[in-house]
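The numbering of the sequence shown is my numbering, which starts it at 4 and goes up by one. Heads up: the structure comes next, in structure tokens.
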Amino acid sequence: MKKITKAAIAGTVGAALLVGGAGSLAFWTDTDSGPQVQIQSGNLDLGNLTTATTTWTIRQNASGVNPGQAATPVVNYVPGTDKIVPGDVLTTTVNVPVTLVGKNLKAALTVTPTVTAVTGAPSADAKLAAALSISVVSINGSAPSATNSANLTPANITAGTVPVQIAVTFPWTADNDTKIGNLNFQAAYNLTQIPVATP
4 MKKITKAAIA GTVGAALLVG GAGSLAFWTD TDSGPQVQIQ SGNLDLGNLT TATTTWTIRQ
64 NASGVNPGQA ATPVVNYVPG TDKIVPGDVL TTTVNVPVTL VGKNLKAALT VTPTVTAVTG
124 APSADAKLAA ALSISVVSIN GSAPSATNSA NLTPANITAG TVPVQIAVTF PWTADNDTKI
184 GNLNFQAAYN LTQIPVATP
């Protein structure tokens, strides 16, 4: 009698466990969170070019008239005061402020120099503008590409500036119509991110 009763009780408990298990199946679990880390973006920026350090020099290249003759010594040129004549070569160096911050950051700096006429003697201004030859000599110490650009990375920028050298040449072949011309010189700078694998 005792054995039968025990068996019946065991069967009842087993059935109860089966019924309960059908409603919810539980496993051992645990949760935790890892440490917080910061994800920060870098920066690409051209600084204030109106306050950039700029120098101007002038020399005269006589090789166009006398082949083999050396150019005159390079001396300082004062824009707005000193006047140029045929054979002169003006050179300006602008220390362009550039900020590049980023693990995989590379950017192309493109320089576009122009001259525009100043009111007063529009005919001479236009003739002088047409006669002048303007070229970007170097960007960050190296010759630029055919599009007047150079690739930069944070590692090859010194003291936060990129020196850009531009030459303005007044050829010996300029005629009388270029006298008393008056022009404004300006260079535009564009800094654009490019893929880091770009040569």
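All C-beta atoms in this analysis are idealised placements derived from N, C-alpha and C, irrespective of residue type, glycine included. The structure displayed is predicted, hence computed values, not measured ones.
- DSSP places residue 120 in the uninterrupted beta strand (DSSP E) bounded by 109 to 120.
- Excluding residues up to 5 positions away in sequence, 120, 121, 184, 185 and 186 lie with their Cβ nearer than 7 angstroms to the Cβ of residue 128 in the same chain.
- Contact check between the stretch 73 to 81 and the stretch 169 to 184: fewer than three CB pairs, one atom from each, fall below 8 angstroms, which does not count as touching.
- Taking 8 angstroms as the cut-off, the Cβ atoms of residue 190 and residue 89 do not count as close.
- With 16 or more other CB atoms across the displayed protein chains lying within 10 angstroms of its CB, residue 135 is buried.
- In this structure, 49 is the residue among 28, 49 and 32 with its C-alpha nearest to the C-alpha of residue 195.
- Counted as a single uninterrupted DSSP element, the alpha helix (DSSP H) harbouring residue 128 occupies residues 125 to 134.
- Comparing alpha carbon positions, the residue from 92, 44 and 148 closest to residue 113 is 148.
- For residue 131, the closest alpha carbon among the candidates 167, 109, 86 and 61 is that of 86.
- Annotation: the continuous beta strand (DSSP E) that includes residue 192 extends over 186 to 197.
- In the structure shown, residue 76 falls within a coil segment according to DSSP collapsed to helix, strand and coil.
- Between residue 104 and residue 157, the CB-CB gap stays under 8 angstroms.
- With a threshold of 16 other beta carbon atoms within 10 Å, residue 44 falls short and is exposed.
- 98 is the residue among 67, 98 and 71 whose C-alpha sits nearest the C-alpha of residue 59.
- Counting only residues of its own chain and dropping the five nearest sequence neighbours on each side, residue 37 has no CB closer than 8 angstroms to any other CB.
- Residue 51 sits in coil when the DSSP states are folded into three classes, being neither helix nor strand.
- For a cut-off of 8 angstroms, the C-beta gap from residue 154 to residue 201 is around 6 angstroms, short enough to register as a contact.
- Of the residues 84, 177, 133 and 27, the one whose Cα lies closest to the Cα of residue 67 is 177.
- Residue 100 sits in a strand when the DSSP states are folded into three classes.
- Using a 10 angstroms sphere on the CB of residue 143, the tally of other CB atoms reaches 16 or more, which defines it as buried.
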